[in-house]
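One structure below.
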Amino acid sequence: MYKLDSEGKRLVKLIPKKFGELGLSERFDIEEWIEKSPEILGEDLLIIYKELPLPSGIRHDLLAVDKKANLVVIELKRDDSGTYVEWQAIKYVSYCSNFLSDDIFTYFAQYLKSDTDGAKHKIEDFIEEDTQLEKLNQNQRIILLAKEFHSDVVSAVLWLRDYEVEINCIRLQSYVDTDGDVFITSDLIIPLPEAKDYIEKKEVKEKEAKRPIRRIFSLEKGTFNEQELKDKLKETLARQTDLIPRLVRFIEILLSEDRAFGREEVKQKLVEKGVDSDIGHAGRYLSNLSQFLTKPDNTHLRQVIEFETGGGYGEMKDNYHVIPEYRSLLQSLVEEYNKASAE
Numbered sequence: 020m021y022k023l024d025s026e027g028k029r030l031v032k033l034i035p036k037k038f039g040e041l042g043l044s045e046r047f048d049i050e051e052w053i054e055k056s057p058e059i060l061g062e063d064l065l066i067i068y069k070e071l072p073l074p075s076g077i078r079h080d081l082l083a084v085d086k087k088a089n090l091v092v093i094e095l096k097r098d099d100s101g102t103y104v105e106w107q108a109i110k111y112v113s114y115c116s117n118f119l120s121d122d123i124f125t126y127f128a129q130y131l132k133s134d135t136d137g138a139k140h141k142i143e144d145f146i147e148e149d150t151q152l153e154k155l156n157q158n159q160r161i162i163l164l165a166k167e168f169h170s171d172v173v174s175a176v177l178w179l180r181d182y183e184v185e186i187n188c189i190r191l192q193s194y195v196d197t198d199g200d201v202f203i204t205s206d207l208i209i210p211l212p213e214a215k216d217y218i219e220k221k222e223v224k225e226k227e228a229k230r231p232i233r234r235i236f237s238l239e240k241g242t243f244n245e246q247e248l249k250d251k252l253k254e255t256l257a258r259q260t261d262l263i264p265r266l267v268r269f270i271e272i273l274l275s276e277d278r279a280f281g282r283e284e285v286k287q288k289l290v291e292k293g294v295d296s297d298i299g300h301a302g303r304y305l306s307n308l309s310q311f312l313t314k315p316d317n318t319h320l321r322q323v324i325e326f327e328t329g330g331g332y333g334e335m336k337d338n339y340h341v342i343p344e345y346r347s348l349l350q351s352l353v354e355e356y357n358k359a360s361a362e
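Here my numbering = 1-based position in the sequence shown + 19.
What follows is the structure in structure tokens.
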């Protein structure tokens, strides 16, 4: 590691130092740096809690959310990883894997000293637009940081990755120059940066091959008669969830004209209907609605609403249209729903 002396046109070698030798602590220094500058870990992360207490009384260092709405446990060691750091992190992530979305919003609100709605919106704003908030904490990751990693830890991490536990190891090193200024570098060592894309794609492919097929997606349309269809639709609209009022606004948009509505147009009209004032949030709500439309049990919805899609789970939907023969049925059910909601 060298520092450029531009005036002297020379490179000045920096002296590697352990954090302990510099009087820097894990909790009061390194943890603070990562909290304030998580980009040093090589990706965009939203820190949502620090020193989260577990029921056993121990605390884990930092908790974050990544762009794909995965929960990320960050475990720090000042210099040496020790021989049990991966086991500690697994205990933490196993505990956090049980968090519901509302638990995460509550913890983040405590961290921000704000309300849960504000915390929820910050997470919505942070994650990628095509990532649905419903995916929050569906998967978990571990990031281990240390100056040096024991060979036992490296071996364990590689073995765990083979068994679908996503763990990254990052080497954090400190240097000083002749003026006593401290410099910090971070290097991803597992997976190796040069092979990261290849390894991750290979792991995803192997994971999919091992995973049993789950019915989480379908494009099959219902074949219900008029009364059966009406009963199924009424049952759906009677559900007490936050999604149903948005579904009704969505159907109202499609009923406003007998034509297909593009995704961007629907998002704008959701904003106009007061579903949310932010177009990005409206886009996520539309993604949630699209996912709801493709649930295997919702063949009755696909019987009345058609849309274009690439044909696979997670692919973007577009050009939504109410099938003409069902327009009057949907119109009467929406009016009935709105009347009941106003009472």
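We put the beta carbon where it would ideally sit given N, CA and C, even for glycine.
Taking the beta carbon of residue 232 as the centre, do at least 16 other beta carbons fall within 10 Å, making it buried, or is it exposed? For residue 232, the predicted model reports a pLDDT of 40, less than 50, meaning its position is unreliable and no value from the coordinates is stated.
Does the beta-carbon of residue 55 have 16 or more other beta-carbons within 10 angstroms, so that it is buried, or is it exposed? exposed
For residue 202, list the residues DSSP reports as bridge partners. 194
As an exercise, report each continuous alpha helix (DSSP H) stretch of at least 4 residues that is fully enclosed by the stretch 108-183, in chain order. Under the rule that a run must span 4 or more residues, the alpha helix (DSSP H) segments found entirely inside the stretch 108-183 read 120-131, 135-145 and 170-181.
Cα separation between residue 63 and residue 143? 14 Å
Can you name, in chain order, every residue of its own chain whose Cβ lies under 8 Å from the Cβ of residue 84, other than the five neighbours on each side? 64, 65, 67, 90, 91, 123, 142, 145, 146 and 155
List the whole-angstrom C-beta distance separating residue 180 from residue 189, where the pair is believed to meet the contact cut-off of C-beta under 8 Å. In fact, because the Cβ distance is near 15 Å, the residues do not count as touching under 8 Å.
Could you tell me the alpha carbon to alpha carbon distance between residue 74 and residue 163, rounded to whole angstroms? C-alpha separation (whole angstroms): 22 Å.
I'd like to check one pair, residue 353 with residue 267: are the Cβ atoms closer than 7 Å? yes
Which residues DSSP lists as bridging residue 23, in chain order: Looking at the DSSP output, residue 23 bridges to 30.
Using CA atoms only, rank isn't needed, just tell me which of 321, 356 and 358 is closest to residue 341. 321
Exposure of residue 246, with buried meaning 16 or more beta-carbon neighbours within 10 Å: exposed
Runs of alpha helix (DSSP H) wholly within the stretch 29-82 (minimum 4 residues, chain order): 50-55
So what does residue 274 bridge to, in DSSP terms? Its beta-bridge partners do not exist; DSSP assigns none.
When DSSP labels each residue in this structure, what does residue 298 get in the three-state scheme? The answer is helix: DSSP assigns residue 298 an H, G or I state.
Report back the beta-carbon spacing between residue 159 and residue 115 to the nearest angstrom; my notes put them in contact at under 8 Å. 6 Å
Tell me the residue span of the beta strand (DSSP E) that contains residue 94. 90-95
Take the Cβ of residue 201 as the centre, count every other Cβ of all protein chains shown within 10 Å, and call the residue buried at 16 or more, exposed below. exposed
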